[in-house]
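Participant: Here it is, the structure in full.
Numbering (the numbering used here), first residue to last: 2 to 258.
Here it is in structure tokens:
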């Protein structure tokens, strides 16, 4: 039987989410095989993604590409990861065969110490004392909420060949996220609060907000969403049985320092 779902390129966090919740449209390619570590400085990793992307663009399908909210932050554009994302966006917009979906920090059931929440989680598990920027702001989203919004966008037949920002409109300080992790893990924690300003950037996309307002995904209370994300992350990331499973009934209580 011929597969009528969208083609998925990749096998990481976002790709796995779309395997669980496929988009029933065989004219679409979901490109989820990008560099996952925003601190990566290896040119070969970026070259690998670029070559794979060029190969996929030769097909007649509409390509969905995942970029980053942080492209809007000028303070980050000296880093290879964000320079690469910006260049890929330019290539895709010229191709007129792609939709660019900018995402915040994506949180999911696959522990990854190179991600924002994964790093903070690892600090708690190892007793490391992280540096937290006092005035920094982070947007986060649970990975399955990404698939829900993309499915809504595809079904709504929004204009293609454009850029959408997907995610809640509220943000958190690193300390808020670290505190919630520690609270739910019932652990004491230490940190060093570093001074410094973060250039605030807003990603609110009126097209996306208009669509999801009819299909509510994010709670009005920002703390409720943070609590939910951390609960899902902890309940699903402690299993070694696979990348994702039903939430466990109870969490083991890690030893405090």
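Cβ atoms here follow ideal geometry from the backbone N, Cα and C, with glycine treated the same way.
(1) With a 10 Å radius around its C-beta and 16 neighbouring C-beta atoms as the bar for buried, classify residue 257 as buried or exposed.
(2) Ordered along the chain, which non-local residues of its own chain (more than five positions away) have a Cβ less than 7 Å from that of residue 6?
(3) What do you get for residue 193, buried or exposed, if any count of 16 or more other CB atoms within 10 angstroms of its CB means buried?
(4) So what does DSSP say about residue 92, is it helix, strand or coil?
(5) How big is the Cα-Cα spacing for residue 197 and residue 77?
(6) Are the beta-carbon atoms belonging to residue 125 and residue 183 less than 8 Å from one another?
(7) Are residue 227 and residue 177 close, meaning C-beta to C-beta below 8 Å?
(8) Per the DSSP calculation, residue 32 is bridged to which residue(s)?
(9) Taking the C-alpha atoms as reference points, what is the distance between residue 255 and residue 29?
(10) Output needed for residue 123: all residues of its chain with C-beta closer than 6 Å, excluding positions within five of it in sequence on either side, in chain order.
(11) Which residues bound the alpha helix (DSSP H) around residue 226?
(12) Inspect the beta-carbon positions of residue 93 and residue 120 and report whether they are closer than 8 Å.
(13) Given a cut-off of 8 Å, decide if residue 140 and residue 70 are closer than it, judged by their beta-carbon atoms.
(14) Is the Cβ-Cβ distance between residue 19 and residue 148 less than 8 Å?
(15) How about residue 209 and residue 161: do their beta carbons lie closer than 8 Å?
(16) Just the C-alpha distance for residue 191 and residue 117, rounded to the nearest angstrom, thanks.
(17) Verify whether the separation of the beta carbon atoms of residue 153 and residue 212 is less than 8 Å.
(18) Mapping the DSSP letters down to three states, classify residue 53 as helix, strand or coil.
(19) Between residue 105 and the rest of its own chain, which residues show a CB-CB distance below 7 Å, the 5 nearest in sequence each way excluded?
(20) Just how far apart, CA to CA, sit residue 83 and residue 72?
(21) Bridge partners of residue 180, per DSSP?
(22) Is the beta carbon of residue 107 sitting closer than 8 Å to the one on residue 14?
(23) Inspect the beta-carbon positions of residue 134 and residue 75 and report whether they are closer than 8 Å.
(24) Note down the Cα distance separating residue 51 from residue 216, rounded to an integer number of angstroms.
(25) Using the Cα positions of residue 127 and residue 185, report the straight-line distance between them to the nearest angstrom.
(26) Looking at the unbroken alpha helix (DSSP H) that takes in residue 101, where does it start and where does it end?
(27) Please go through the same chain and pick out, in chain order, the residues whose beta-carbon is closer than 8 Å to the beta-carbon of residue 63, but skip the five residues on each side of it.
Facilitator: According to the structure data:
(1) Model confidence at residue 257 stands at a pLDDT of 36, short of 50, so the residue's coordinates are unreliable; what they give is reported in the following sentence. That one is exposed.
(2) Hits under 7 Å: 23, 24, 25 and 27.
(3) Looking at its Cβ environment, which holds fewer than 16 other Cβ atoms inside 10 Å, residue 193 is exposed.
(4) helix
(5) 14 Å
(6) yes
(7) yes
(8) 10 and 66
(9) Residue confidence for residue 255 is low, a pLDDT of 35 falling below 50, so the modelled location carries little weight and cannot support an answer.
(10) 114
(11) Its alpha helix (DSSP H) spans residues 223–238.
(12) In terms of Cβ geometry, residue 93 and residue 120 do not form a close pair [threshold 8 Å].
(13) yes
(14) yes
(15) no
(16) 17 Å
(17) Cβ atoms of residue 153 and residue 212: closer than 8 Å.
(18) In the structure shown, the three-state DSSP call for residue 53 is helix.
(19) 70, 140, 141, 142 and 168
(20) 6 Å
(21) None, per the DSSP bridge assignment.
(22) yes
(23) Taking 8 Å as the Cβ cut-off, residue 134 and residue 75 do not qualify as a contacting pair.
(24) 34 Å
(25) 16 Å
(26) Segment 99–104 is the beta strand (DSSP E) holding residue 101; no alpha helix (DSSP H) there.
(27) Excluding residues within five positions, the ones whose Cβ falls inside 8 Å are 28, 29, 30, 98, 99, 100 and 161.
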